[in-house]
Amino acid sequence: TSTDVRFKARVWEMNQTPSIDITNGKGCNIDLWTRDNLVLRITPRFHPEVNDYWMPDAGREAYQLFNENRVSHPAQKLESEQVSASWNHALETLAEQLEQTDRKDVLFIGSPHASVEENFALMQLANLTGAKTPVFTPHVEEGSGDGFLLSDDQAPNAEGCRLLGLEEVSPKQMQTKVSEARLIVALNDNLFGRGVLDATHAKNAFWVVFASNHTETTQMADLLIPITTAAEHAASYVNVDSRIQRTFPAKETKYSNRRLSMEMSEGRLDRFGTSFDNWVTEDHKIDCVPFWDFATQAGERLGLNLHLIDGRQIMDQIATMNPAFEGVSYVTMDEQGGIVLAKESMAKSK
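Each residue of the sequence shown is one higher than the last, beginning at 1 in the numbering used here.
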């Protein structure tokens, strides 16, 4: 038993939710164990073609990403300090910035750390507003892989970004694009923390950052908007072997309900607990939304035809639009333990 979870909960008090490891490009299959809306432990889940019965140590510690240092509630920078803002204010601010900024001066930045569905939503928003295709920079640390559970690629979805058609750029190219932009809409990637950017590159633009955890990048945000993690939404990721796999939501947010969600498991304490019980802590629910929810609201505010309901519906839409994802759905992923995307389909998409 992990020392971090010891004495915090009994096994039969926790929910067990299948998921995948997002700390690496390998996509090891895992189970998330939750109680009182916290991920208390992460264990390997058998997959004969990905990770067998094993998982890396970093993946076991990912509960910290899901529980701690979370961005909860929007914020806007006023006089060099971020202050809490309403969701409506955040929506209006983003819409006004997109309306007032020349299209050639807008830069959308995708993320290999975000899901296929989130990056697709970003692409759709960029396309419908007339901006250029979003860019992304892979997160690779040469020599860190072990040929089994770990890859040099530190992000779970770089291949997914490529197949979607995002523009892959080097750190130097990213620096140039950021320096030339006046409005930047960035999706959940700590570009400052991993050394791709520094403060000198950010000074000319208004930064809108969608993030799940506080990082060096969120500190640079003029408008900070909290979004869900892989533990709070159903979404898919393409690993380094081109296998697309998906997550299931294990945690509730302030706007989701375990009892009403077809994707979420429900344990005994969830079924019978109320907000008055001492095992229910409302503060464990983060004030955040899936990125595609906010993108849809922004689209409506701007008069755009953008209707993204949930991960399942978005993947069905992607499968009809992009040959690389032809035949992919949540049903087929669940039935087959993920799908290795065909090489010929991948070639067509490029």
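Where a beta carbon is used, it is the ideal one built from N, C-alpha and C, also for glycine.
Exercise. Quick check: the segment 124–134 against the segment 39–57, are there 3 or more CB pairs under 8 Å?
Worked result: Result no; under three Cβ-Cβ pairs closer than 8 Å.
Exercise. Out of curiosity, what's the CA-to-CA distance linking Glu-13 and Gly-143?
Worked result: Counting only the Cα atoms, Gly-143 lies some 40 Å from Glu-13.
Problem set entry | Among Leu-304, Asp-287, Asp-334 and Arg-312, nearest to Asn-69 - alpha-carbon criterion | Of all alpha-carbon atoms in Leu-304, Asp-287, Asp-334 and Arg-312, the one lying nearest the alpha-carbon of Asn-69 is that of Asp-287.
Exercise. Can at least three beta-carbon pairs, one atom from the segment 83–99 and one from the segment 111–119, be found at a separation below 8 Å?
Worked result: With a cut-off of 8 Å, the segment 111–119 and the segment 83–99 do not count as touching, because too few Cβ pairs lie within range.
Exercise. Under the three-state reduction of DSSP, which class applies to Gln-154: helix, strand or coil?
Worked result: In the structure shown, the three-state DSSP call for Gln-154 is coil.
For this session: Ignoring anything shorter than 4 residues or poking outside the segment 278–346, list the alpha helix (DSSP H) runs there in chain order.
Result: Fully enclosed alpha helix (DSSP H) runs of 4 or longer: 291–301, 311–321 and 330–336.
Exercise. What is the DSSP secondary structure of Phe-210, reduced to helix, strand or coil?
Worked result: Three-state DSSP puts Phe-210 in a strand.
Problem set entry | Contact under 8 Å by Cβ, Leu-163 with Ala-324 | Closer than 8 Å, so yes.
Problem set entry | Neighbour-count burial assignment, Leu-260, 16 or more Cβ in a 10 Å radius | So Leu-260 counts as exposed.
Exercise. Where Leu-223 and Asp-52 are concerned, what is the direct C-alpha to C-alpha distance, given to the nearest angstrom?
Worked result: Taking the straight line joining both Cα atoms gives about 42 Å.
For this session: Out of Glu-252, Leu-191, Leu-107 and His-73, state which residue places its alpha-carbon closest to the alpha-carbon of Arg-182.
Result: Arg-182 has its Cα closest to that of Leu-107, out of Glu-252, Leu-191, Leu-107 and His-73.
Problem set entry | Counted within 10 angstroms of its Cβ, other Cβ atoms place His-89 as buried (16 or more) or exposed | Taking every protein chain shown into account, the CB of His-89 has fewer than 16 other CB atoms within 10 angstroms, so this residue is exposed.
Exercise. Assuming Leu-302 and Leu-98 make a contact with CB atoms under 8 Å, what is their CB distance in whole Å?
Worked result: About 6 Å separates the CB atoms of Leu-302 and Leu-98; that is less than 8 Å, so the two are in contact.
Exercise. Just the Cα atoms here: how many angstroms apart are Ala-319 and Gln-313?
Worked result: Their backbone Cα atoms lie some 10 Å apart in a straight line.
For this session: Go through its chain and collect everything with a Cβ distance to Trp-87's Cβ below 7 Å, but skip five positions before and after it.
Result: Only Pro-74 meet the Cβ criterion.
For this session: Starting from Phe-108, follow its DSSP beta bridges and name the residues at the other end.
Result: Its beta-bridge partners are Val-185.
Exercise. Name the DSSP beta bridge partners of Lys-77, please?
Worked result: Bridge pairing for Lys-77: Gln-82 [DSSP].
For this session: Check whether the Cβ atoms of Ile-225 and Phe-294 sit closer than 8 Å, and answer yes or no.
Result: For Ile-225 and Phe-294, yes; Cβs fall inside 8 Å.
Exercise. With distances taken from CA atoms, which of Asp-102, Tyr-255, Cys-28 and Val-280 is nearest Ala-62?
Worked result: Minimum Cα-Cα distance from Ala-62 among the listed residues Asp-102, Tyr-255, Cys-28 and Val-280 corresponds to Cys-28.
Exercise. If Ser-80 and Glu-159 are in contact, beta carbons under 8 Å, what's the gap, nearest whole angstrom?
Worked result: With a contact defined as Cβ atoms closer than 8 Å, Ser-80 and Glu-159 miss out at about 38 Å.
Exercise. Hey, Met-55 and Ile-22 are a contact pair by Cβ (cut 8 Å); roughly how many whole angstroms apart?
Worked result: The Cβ separation is near 12 Å, so there is no contact.
Problem set entry | Simplified DSSP assignment, three categories, for Pro-171 | Note: Pro-171 maps to helix in three-state DSSP.
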